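Undergrad: Per the working numbering, residue 40 is the first one in the sequence shown, and the count goes up by one each step.
Note that beta-carbon positions come from the ideal geometry of N, C-alpha and C, so glycine has one too.
Nothing here was measured: the structure is a model prediction, and the numbers come from that model.
Okay, here's the structure, questions in a sec.
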Amino acid sequence: MDAETAARVSILRPEQAGSRATLDREERVVKDGILRMGSLVEAQIREAVRSVAERDLETADAVVAADARINEAQREIADTIVSTIATQSPVARDLRFLIGLDHVAFELERIGDHASSIAKQARRLVEESPLPQTAVLVQMGRLAADQVRGIVSALIDIDDRIAREVAGRDDEIDHLYRTTFADIIDLMRTDPQTVERGTRLILAAHWVERIGDRVTNIAEDVVYLATGRIEDLNP
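Below, the structure written as structure tokens:
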């Protein structure tokens, strides 16, 4: 319990203090759920990109199958938030916090969908030899997974400075995406036999790039939770 919460609890009547403790407990449950969901999503990104790079059908299938776990985690978090709002009637900072976490869970669920989409491209590339640009996809995936880890940490600590820093890393992913997109298009123009593989790789890279955008959305949520201000971190 932070100092602000402790100060509030100290001046509450016994029944109010009990309600405050219940609300704090429910908020911790939601935060723990977000932390577990973030860890799962991070692993999904790493495995999805690896399945493309290594032409690993088993890993790709596992990533697609695991998306259901992420969806279920998001539903559980949403249910807990709705129940908490209905039974505890949070106001001001607490209500803002719960609504913010609900949006974060939604964004993490969408990131899980993107990881699954990457793995589905891997399924279609299993029998194909890799293109040189696959190495760039791996680099993008590593950056995106690190972003997810960083933004979940920023969220748990409600640290807007770290959130801004993590959001800023999206520029590097965008740059890599634009570069590899242009390189693959040039390759397909000169070698028609690479069109199928190139298209699949571009799609996989696109989904990684979208993950970076989703992380930026979460960073904006963290800034709002920390400061009460709505800011566009991806102008």
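(1) Just to confirm, are Ala99 and Val175 a CB contact at a threshold of 9 Å?
(2) Got a sec? Which residues, its chain only, sit under 6 Å from Ala146 by beta carbon, not counting five neighbours each side?
(3) For Ile190, which of helix, strand or coil comes out of DSSP?
(4) Where do the ends of the alpha helix (DSSP H) carrying Gly237 lie?
(5) Once DSSP output is grouped into helix, strand and coil, what is the label at Asp225?
(6) Do Ile120 and Ile138 come within 9 Å of each other at the CB atom, strictly closer than that value?
(7) Alpha carbon to alpha carbon, what distance is there between His153 and Ile73?
(8) In three-state DSSP terms, what is Asn273?
(9) Take the Cβ of Thr266 as the centre, count every other Cβ of all protein chains shown within 10 Å, and call the residue buried at 16 or more, exposed below.
(10) For the putative contact between Ala117 and Ala144, defined by C-beta atoms under 8 Å, what is the C-beta separation to the nearest angstrom?
(11) Around the C-beta of Gln232, are 16 or more other C-beta atoms found within 10 angstroms, so that it is buried, or is it exposed?
(12) State the DSSP-derived secondary structure class of Gln113, mapped to helix, strand or coil.
(13) If you follow the alpha helix (DSSP H) that Val143 is part of, which residue opens it and which one closes it?
(14) Along the chain, where does the alpha helix (DSSP H) containing Ile197 start, and where does it finish?
(15) Just mark Ser168 as buried or exposed, buried being the case when its beta carbon has 16 or more other beta carbons within 10 Å.
(16) Does the beta-carbon of Arg268 have 16 or more other beta-carbons within 10 angstroms, so that it is buried, or is it exposed?
(17) Which residues in the same chain have their Cβ closer than 7 Å to the Cβ of Ile195, if we skip the five residues on either side of it in sequence?
(18) Hey, how far is the Cα of Pro53 from the Cα of Glu65?
TA: According to the structure data:
(1) Within the sequence shown, numbered from 1, the residue matching residue 99 stands at position 60. Within the sequence shown, numbered from 1, the residue matching residue 175 stands at position 136. The beta carbons of Ala99 and Val175 sit no closer together than 9 Å.
(2) As a first step, residue 146 is located in the sequence shown; it is residue number 107 there, counting from the start. At residue 146 the sequence reads Glu, which differs from the Ala that was named. Hits under 6 Å: Arg253, Asn256, Ile257.
(3) Locating residue 190 in the sequence shown gives position 151, where the first residue counts as 1. In the displayed model, Ile190 falls within a helix according to three-state DSSP.
(4) Residue 237 sits at position 198 when you count from the first residue of the sequence shown. Boundaries of the alpha helix (DSSP H) around Gly237: 234–266.
(5) Residue mapping note: residue 225 aligns to position 186 of the sequence shown, counting from 1. Helix at Asp225.
(6) Along the sequence shown, one-based indexing puts residue 138 at 99. Along the sequence shown, one-based indexing puts residue 120 at 81. Contact: yes.
(7) Within the sequence shown, the letter at position 34 stands for residue 73. Within the sequence shown, the letter at position 114 stands for residue 153. Near 18 Å, if we compare the C-alpha coordinates of His153 and Ile73.
(8) Here residue 273 is taken as the residue at index 234 of the sequence shown, counted from 1. Reduced to three states, the DSSP call for Asn273 is coil.
(9) Residue 266 sits at position 227 when you count from the first residue of the sequence shown. So Thr266 ends up on the exposed side.
(10) Within the sequence shown, the letter at position 78 stands for residue 117. Within the sequence shown, the letter at position 105 stands for residue 144. Contact flag correct, Cβ pair sits at about 6 Å.
(11) Here the question's residue 232 lines up with position 193 in the sequence shown. The residue is exposed, with fewer than 16 neighbouring Cβ atoms inside 10 Å.
(12) Within the sequence shown, residue 113 is the residue found at index 74, counting from 1. It is helical.
(13) Numbered from its first residue, the sequence shown carries residue 143 at position 104. Judged by DSSP secondary structure, Val143 falls within the alpha helix (DSSP H) whose first and last residues are 131–164.
(14) Locating residue 197 in the sequence shown gives position 158, where the first residue counts as 1. First-last for Ile197: undefined, no H or E at that position.
(15) Along the sequence shown, one-based indexing puts residue 168 at 129. Exposed, because fewer than 16 other Cβ atoms sit within 10 Å of the Cβ of Ser168.
(16) For the purposes of this step, residue 268 is taken as the residue at position 229 of the sequence shown. Looking at its Cβ environment, which holds fewer than 16 other Cβ atoms inside 10 Å, Arg268 is exposed.
(17) Locating residue 195 in the sequence shown gives position 156, counting from the first residue. Excluding residues within five positions, the ones whose Cβ falls inside 7 Å are Lys70, Leu74.
(18) Residue numbering aside, residue 53 sits at position 14 when the sequence shown is read from its first letter. Residue numbering aside, residue 65 sits at position 26 when the sequence shown is read from its first letter. Model confidence at Pro53 stands at a pLDDT of 48, short of 50, so the residue's coordinates are unreliable; what they give is reported in the following sentence. Rounded to whole angstroms, Pro53 to Glu65 spans 18 Å at the Cα level.
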